[in-house]
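Contents: one structure, followed by commentary.
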Amino acid sequence: MTTDTPILKLKDVRYRWPGRASFGLDVPEFSLRRSETVLLLGQSGSGKSTLLSLICGTILADAGAVQVAGTDIATLSAGQRDRFRAEHIGLIFQQFNLLPYASVRDNILLPLRFAPARRARVTDAAAVARDLCLGLGLPPDAVAAQAGKLSVGQQQRVAAARALIGAPPLIVADEPTSALDAATQATFLELLFAQARSAGSTLLMVSHDARLAAHFDRVVEMSDVTQPMQAAP
Ligand code: ADP
Ligand code: MG
């Protein structure tokens, strides 16, 4: 794989949730270059989270190809896909999905357990977790705190640190700012971008909130990426 290989490439991807005739995704072409920040905008129900699940390989397309870092994820077994995802993709979920009773440090280090290559890029795990916290604007003593005791804004920063640790080539964020006010959102995005840039990671965020657009290298509308799906036969 050369550095010109897009970090993500979807080609003629189609997906329908089993038993759901009314909704389908049809993506003729969608690619991400290395190190760019892209906002994918679409209203609620337009299929943003479904598209992210296809990109992460938690669901498989009915047709077409999803390539991450040059690998067609449909060629991997379910177990291989889990390991591949842990190595290549840092995920920030809408609800953060932190372990509430674990420390901030343990939450941040969690993805490294399943990703030996990502772990190998982190020489001093505790120091890297602390530096990520500081870089994302958390107080120095936050690493030892129980994740569930932090404010929503702080938990979001922990979720971002967990996605960034070990510099995965692709970071995917599903509406991570929806619980925050505009000023807090803007600060968070600037800190997230700075960390993603220094890791060399590509950042794909999906949102319904067009006010975020100014922060990104590129903004794409769901309606430009998808085409109307044929009715189910
Ligand atoms: P968005 O993230 O843009 O709000 P989603 O991808 O969550 O959109 O949803 C797109 C469509 O897929 C909706 O009609 C939703 O009901 C349906 N959908 C989402 N997740 C599932 C699921 N796990 N099972 C069945 N249908 C689903
Ligand atoms: Mg969603």
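Using my numbering, read the sequence shown as starting at 160 and increasing by one per residue. All C-beta atoms, glycine included, are put in the ideal place defined by N, C-alpha and C.
(1) Specify the secondary structure class of Asp221 as computed by DSSP and reduced to three states.
(2) With C-beta atoms as the reference, is Glu380 less than 7 Å away from Leu198?
(3) Check Phe252 in the structure and name its three-state DSSP category.
(4) Given Ala285, which residues of its chain have a CB within under 7 Å of its CB, disregarding the five upstream and five downstream residues?
(5) Which two residues bound the contiguous alpha helix (DSSP H) that contains Pro139?
(6) Just to check, is the beta-carbon of Ser360 closer than 6 Å to a non-hydrogen atom of the ligand MG?
(7) If I measure Cβ to Cβ from Leu271 and keep anything under 8 Å in the same chain, skipping five residues before and after, which residues do I get?
(8) Can at least three beta-carbon pairs, one atom from the stretch 183–197 and one from the stretch 229–238, be found at a separation below 8 Å?
(9) Just to check, is the beta-carbon of Lys168 closer than 6 Å to a non-hydrogen atom of the ligand MG?
(10) Looking only at C-alpha atoms, which of Asp163, Arg192, Ser203, Pro259 sits nearest to Ser382?
(11) Which residue marks the beginning of the alpha helix (DSSP H) containing Ile214, and which one marks its end?
(12) Measuring alpha carbon to alpha carbon, tell me which residue in Leu258, Ala220, Ile214 is nearest Arg173.
(13) Taking 7 Å as the threshold (C-beta atoms), are Arg193 and Ile218 in contact?
(14) Check whether the Cβ atoms of Val331 and Ile248 lie closer than 7 Å to each other.
(15) If you follow the beta strand (DSSP E) that Met364 is in, where does it begin and where does it stop?
(16) Hey, could you find the ends of the alpha helix (DSSP H) Thr343 is sitting in?
(17) Thinking just about the alpha-carbon of each residue, which of Ala318, Leu268, Ser360, Ala237 is nearest to the one in Phe347?
(18) Check whether the stretch 302–311 and the stretch 239–259 touch, using three or more Cβ-Cβ pairs below 8 Å as the test.
Result, derived from the coordinates:
(1) For this step, residue 221 is matched to residue 62 along the sequence shown. Coil, per DSSP.
(2) Taking the sequence shown and counting its residues from 1, the one referred to as residue 380 is at position 221. Taking the sequence shown and counting its residues from 1, the one referred to as residue 198 is at position 39. Contact: no.
(3) Position 93 of the sequence shown, counted from the first residue, corresponds to residue 252. In the structure shown, the three-state DSSP call for Phe252 is coil.
(4) The residue given as residue 285 occupies position 126 in the sequence shown. Setting aside the 5 residues that flank it on each side, Ala285 is surrounded in the same chain by Arg264, each with a C-beta closer than 7 Å to its C-beta; the list follows chain order.
(5) The chain is shown from 160 up to 392; residue 139 falls before or after that span and cannot be answered.
(6) To locate residue 360, count along the sequence shown from 1; it is residue 201. No, the ligand MG has no heavy atom inside 6 Å of this Cβ.
(7) Translated into positions along the sequence shown, residue 271 becomes position 112. Sequence-distant partners of Leu271 (beyond 5 residues in either direction) whose C-beta falls short of 8 Å from its own C-beta, in its chain, are Arg277, Arg278, Val281, Ala284, Ile324, Gly325.
(8) The stretch 183–197 vs the stretch 229–238: no contact.
(9) Along the sequence shown, read from residue 1 onward, the residue named residue 168 stands at position 9. Lys168: no, Cβ never under 6 Å from the ligand MG.
(10) Residue 382 sits at position 223 when you count from the first residue of the sequence shown. When each option's Cα is compared against that of Ser382, the closest is Ser203.
(11) Within the sequence shown, residue 214 is the residue found at index 55, counting from 1. First-last of the alpha helix (DSSP H) with Ile214: 207–215.
(12) Here the question's residue 173 lines up with position 14 in the sequence shown. For Arg173, the closest of Leu258, Ala220, Ile214 by C-alpha to C-alpha distance is Ala220.
(13) Position 59 of the sequence shown, counted from the start, is the residue given in the question as residue 218. Position 34 of the sequence shown, counted from the start, is the residue given in the question as residue 193. For the pair Ile218 and Arg193, the CB atoms are not nearer than the 7 Å cut-off.
(14) Counted from its first residue, the sequence shown places residue 331 at position 172. Counted from its first residue, the sequence shown places residue 248 at position 89. In this structure, Ile248 lies closer than 7 Å to Val331 by Cβ.
(15) Indexing the sequence shown from 1 puts residue 364 at position 205. 361–366 is the extent of the beta strand (DSSP E) around Met364.
(16) Position 184 of the sequence shown, counting from 1, holds the residue named residue 343. DSSP places Thr343 inside the alpha helix (DSSP H), whose first and last residues are 341–358.
(17) Indexing the sequence shown from 1 puts residue 347 at position 188. Nearest of Ala318, Leu268, Ser360, Ala237 to Phe347, Cα basis: Ala318.
(18) Yes: at least three Cβ pairs fall under 8 Å.
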